[in-house]
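Down below is the structure, laid out as structure tokens.
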Amino acid sequence: LTALICSAAGFFPYTAVNFSGKSSGTCWDLPQRHCNLIMDDEAETYKLWKIRKTIMQLCHDRGYLVTQDELDQELEQFKEQFGDKPSEKRPARSDLIVLVAHNDDPTDQLFVFFPDEPKIGIKTIRTYCQRMQEENIRRAIIVVQQGMTPSAKQSLSDLAPKYVIEQFLESELLINITEHELVPEHVVMTPEEKQELLQRYKLKDNQLMRIQAGDPVARYFGLTRGQVVKIIRASETAGRYISYRLVI
Numbered sequence: 001l002t003a004l005i006c007s008a009a010g011f012f013p014y015t016a017v018n019f020s021g022k023s024s025g026t027c028w029d030l031p032q033r034h035c036n037l038i039m040d041d042e043a044e045t046y047k048l049w050k051i052r053k054t055i056m057q058l059c060h061d062r063g064y065l066v067t068q069d070e071l072d073q074e075l076e077q078f079k080e081q082f083g084d085k086p087s088e089k090r091p092a093r094s095d096l097i098v099l100v101a102h103n104d105d106p107t108d109q110l111f112v113f114f115p116d117e118p119k120i121g122i123k124t125i126r127t128y129c130q131r132m133q134e135e136n137i138r139r140a141i142i143v144v145q146q147g148m149t150p151s152a153k154q155s156l157s158d159l160a161p162k163y164v165i166e167q168f169l170e171s172e173l174l175i176n177i178t179e180h181e182l183v184p185e186h187v188v189m190t191p192e193e194k195q196e197l198l199q200r201y202k203l204k205d206n207q208l209m210r211i212q213a214g215d216p217v218a219r220y221f222g223l224t225r226g227q228v229v230k231i232i233r234a235s236e237t238a239g240r241y242i243s244y245r246l247v248i
């Protein structure tokens with residue numbers, strides 16, 4: 001991300017410095033508003049790259065087919081693919097749309113929409129739902145800048161369970177929460193693995209520890225009520241400590 005060091009108001013020289021600390025050139029007689037625009041475009045491009053990168057990781061961790069190139073995409077590659085002038089709609093957020101199919105069932109597909117408007121209303125939800133109907137896709141994620149109107153939120157509930165549409169704020173996706181050093185490894189169990197666990201320890205669902213469906217990690221994995229997640233923590237004595245939590 002380029003930081004621009006500007007030396008006066010109005011028309012003035014600036015030096016562009018990248019993350020490596022190297023100057024990428026000096027420009028003269030550049031209006032301050034243009035300097036601000038360049039800085040805004042740099043920051044916005046970096047943010048969009050980070051958000052889409054986290055989304056690709058999220059899709060992969062949910063079992064959807066994502067190529068290694070998509071997971072490893074660098075900032076410069078993102079710019080080549082989508083552009084680096086968000087102020088000129090290069091890219092527009094809507095250009096970042098993602099469609100992936102599940103590894104175990106290619107008919108299980110997931111859309112990820114990036115609406116251009118800061119706060120979306122029911123009209124946008126209807127547009128996305130129509131697209132999902134046309135392509136026979138039942139699951140989607142909407143990445144919003146500032147949230148949704150109350151009517152838009154209500155429409156998501158009204159569409160369930162036929163259509164499962166989740167929402168994330170852009171600010172929630174600037175980092176991958178599962179990669180944070182304080183977040184232990186989470187492994188989502190299949191229904192068969194859950195049943196085997198309950199039988200092995202002669203337990204019932206309500207005897208397991210719990211995790212809220214609204215927990216940030218649960219939302220990352222798209223966990224729903226009744227699922228079980230295995231949590232693996234480092235242990236100084238046992239090497240690792242494993243616990244199981246029921247999603248409520």
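One point on numbering: in full-length UniProt numbering, the residue at position 116 of the sequence shown is 116, and numbering is uninterrupted. Backbone N, C-alpha and C fix where the C-beta goes; we use that ideal spot for every residue, glycine too. These figures come from a predicted structure and were not determined experimentally.
Unbroken beta strand (DSSP E) run spanning residue i, endpoints
i       : result
Leu-169 : 164-169
Ala-234 : 228-235
Ala-140 : 139-144
Closest Cα partner of residue i within the set the options
i       : options                            : result
Asp-104 : Pro-118, Val-66, Asp-116, Leu-75   : Val-66
Thr-54  : Thr-224, Arg-240, Phe-168          : Phe-168
Leu-208 : Pro-216, Glu-192, Val-217, Val-228 : Val-228
Ala-213 : Glu-185, Arg-245, Asn-206, Ala-234 : Arg-245
Glu-166 : Ala-218, Leu-197, Cys-35, Glu-44   : Ala-218
Tyr-163 : Asn-136, Tyr-241, Leu-223          : Asn-136
Leu-110 : Ile-248, Glu-70, Met-132           : Met-132
Arg-52  : Phe-78, Thr-190, Asp-108           : Phe-78
Leu-197 : Ile-242, Gln-81, Ile-211, Ala-238  : Ile-242
Leu-223 : Lys-153, Ile-142, Val-188, Phe-113 : Val-188
Residue environment, residue i, which counts as buried when at least 16 other CB atoms sit within 10 Å
i           : result
residue 279 : Any question about residue 279 goes unanswered here, given that the chain covers just 1 to 248.
Pro-86      : buried
Leu-58      : buried
Asp-84      : buried
For residue i, the first and last residue of its enclosing alpha helix (DSSP H)
i       : result
Leu-159 : 150-159
Residue i Cβ short of 8 Å to the ligand NAD heavy atom set
i       : result
Lys-162 : Summarising the ligand content, the structure contains no ligands, and the ligand NAD is consequently not present.
Item checked: Length at least 3, wholly inside the UniProt domain "RNA polymerase subunit H/Rpb5 C-terminal" (175-247): the beta strand (DSSP E) runs in chain order -> 185-188, 209-211, 228-235, 239-247
Check: What are the start and end residues of each continuous beta strand (DSSP E) run of 3 or more residues lying completely inside the UniProt domain "RNA polymerase Rpb5 N-terminal" (42-132), in chain order?
Finding: 98-101, 109-113
Next item on the list: Examine the Cβ distances between the segment 122-129 and the segment 90-106 and report whether three or more of them are shorter than 8 Å.
Entry: no
Next item on the list: Evaluate the contact criterion for the segment 103-123 versus the segment 61-79: three or more CB pairs, one atom per stretch, below 8 Å.
Entry: yes
Check: Contact between the segment 168-181 and the segment 131-146: three or more CB pairs below 8 Å?
Finding: They touch, by the three-pair rule.
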